[in-house]
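**Q**
Residue numbers (the UniProt record's numbering): 1 to 153.
Dropping the structure here:
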């Protein structure tokens, strides 16, 4: 199957999800021409605002491949990944994302994440509607140094 075929698979997952009362988002993750996982948006059924199609597929792919790195995988998504999903896909090493519908396509339906993406381009302390505070811990250890020591022992 080619990019078009995998993308259509993601769109049909999204369509099926809508038929089940979910939101119109589906994702497929492919490695070496084989589907390693798929997911749909389940925020309404799970009550979890992070239960996006791409993240559900990402979790499943990592579990199926027993790896936190998905460098050799491609993500096919029905819609343009939101900033949260995009960050997670980058953190997993994904280097190619193919999607069908853009934020501009989603805007008339209230499904665009472009406004969130724009806010996230600002420094955290400058983002409207977000109070971002760093406090000193006053603890007798430095957490990251503690973690580093545990990794080498």
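Every residue, glycine too, gets a C-beta built ideally from N, C-alpha and C.
In this text the structure is predicted, and so the values were computed from the model without any measurement.
Hey, quick one: how far does the beta strand (DSSP E) through residue 38 stretch, first residue to last?
**A** Locating residue 38 in the chain shown gives position 38, counting from the first residue. Counting along the chain, the beta strand (DSSP E) containing residue 38 begins and ends at 34-40.
**Q** Would you grab the beta carbon distance between residue 6 and residue 76 for me? Rounded to a whole angstrom, and I think it's under 8 Å.
**A** If you number the chain shown from 1, residue 6 lands on position 6. If you number the chain shown from 1, residue 76 lands on position 76. Confirmed, about 4 Å.
**Q** Cα-Cα, which of 91, 82, 94 is closest to residue 117?
**A** Translated into the one-based positions of the chain shown, residue 117 becomes position 117. Ranking 91, 82, 94 by Cα distance to residue 117 puts 82 first.
**Q** Name the DSSP beta bridge partners of residue 79, please?
**A** As a position in the chain shown, residue 79 is number 79, starting the count at 1. In the DSSP output, where bridge partners are listed per residue, residue 79 has 101.
**Q** Pick from 12, 30, 11, 46: whose alpha carbon is nearest that of residue 64?
**A** Position 64 of the chain shown, counted from the first residue, corresponds to residue 64. For residue 64, the nearest C-alpha among the options comes from 30.
**Q** Just checking my contact of residue 39 with residue 60 at CB under 8 Å: how many whole Å lie between their CB atoms?
**A** Looking up residue 39 in the chain shown gives position 39. Looking up residue 60 in the chain shown gives position 60. About 6 Å; that satisfies the 8 Å criterion.
**Q** Could you give the C-beta distance for residue 52 and residue 73, rounded to a whole number, given that I count them as a contact under 8 Å?
**A** The residue you call residue 52 lines up with position 52 of the chain shown. The residue you call residue 73 lines up with position 73 of the chain shown. Incorrect: roughly 17 Å between the Cβ atoms, too far for contact.
**Q** On the three-state DSSP scale, how would you describe residue 133?
**A** Along the chain shown, one-based indexing puts residue 133 at 133. Residue 133: coil per DSSP, three-state reduction.
**Q** Mind checking who residue 73 pairs with in its DSSP beta bridge?
**A** The sequence position of residue 73 within the chain shown is 73, counting from 1. Residue 73 pairs with 31.
**Q** Please list, in chain order, all residues of the same chain as residue 96 whose beta carbon is under 6 Å from its beta carbon, the five residues on each side excluded.
**A** Locating residue 96 in the chain shown gives position 96, counting from the first residue. Within the same chain, residue 96 has close Cβ partners 74.
**Q** What's the gap between the Cα of residue 140 and the Cα of residue 15?
**A** The count along the chain shown starts at 1 and reaches residue 140 at position 140. The count along the chain shown starts at 1 and reaches residue 15 at position 15. Cα-Cα distance, rounded: 54 Å.
**Q** If we count the other Cβ atoms within 10 Å of its Cβ and call it buried at 16 or more, is residue 124 buried or exposed?
**A** Numbered from its first residue, the chain shown carries residue 124 at position 124. When all chains shown are included, residue 124 counts as exposed.
**Q** Between residue 66 and the rest of its own chain, which residues show a CB-CB distance below 6 Å, the 5 nearest in sequence each way excluded?
**A** Walking along the chain shown from the start, residue 66 turns up at place 66. Contacts found: none.
**Q** Residue 9 to residue 3, Cα distance in whole Å?
**A** Here residue 9 corresponds to residue number 9 of the chain shown, with the count starting at 1. Here residue 3 corresponds to residue number 3 of the chain shown, with the count starting at 1. Spanning the two alpha carbons is a distance of roughly 10 Å.
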